[in-house]
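**Q** Start counting the sequence shown at 68; every next residue gets the next number (my numbering).
Glycine residues also receive a C-beta, built at the ideal position from the N, C-alpha and C atoms.
Before we start, here is the structure in question, set down as structure tokens.
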Amino acid sequence: MVIALALAVAAMVYPALRQWWDVDRCVDGGGRWDYQSDSCVAPLR
Numbered sequence: 068m069v070i071a072l073a074l075a076v077a078a079m080v081y082p083a084l085r086q087w088w089d090v091d092r093c094v095d096g097g098g099r100w101d102y103q104s105d106s107c108v109a110p111l112r
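Below, the structure is given as structure tokens:
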């Protein structure tokens, strides 16, 4: 029972943590995160 609950919580939290990590890396690299396309928009150089 406890393991099933832990797996359910992990399944809900993991995608949000992964997106937060991607957004953080994108912004740190000078880019801009586009939430509609769920991707990083790099600045033109």
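1. Which same chain residues, not among the five before or five after P110, have their C-beta less than 8 Å away from its C-beta?
2. Quick check: the Cα distance between A71 and L84, rounded to an integer number of angstroms?
3. Beta carbon of V108, beta carbon of D101: below 7 Å?
4. For D113, which of helix, strand or coil comes out of DSSP?
5. Taking the alpha-carbon of V90 as reference, which of V80, Y81, D105, A73 has the nearest alpha-carbon?
**A** Taking the coordinates as given:
1. G97, G98, R99
2. 20 Å
3. yes
4. The chain is shown from 68 up to 112; residue 113 falls before or after that span and cannot be answered.
5. D105
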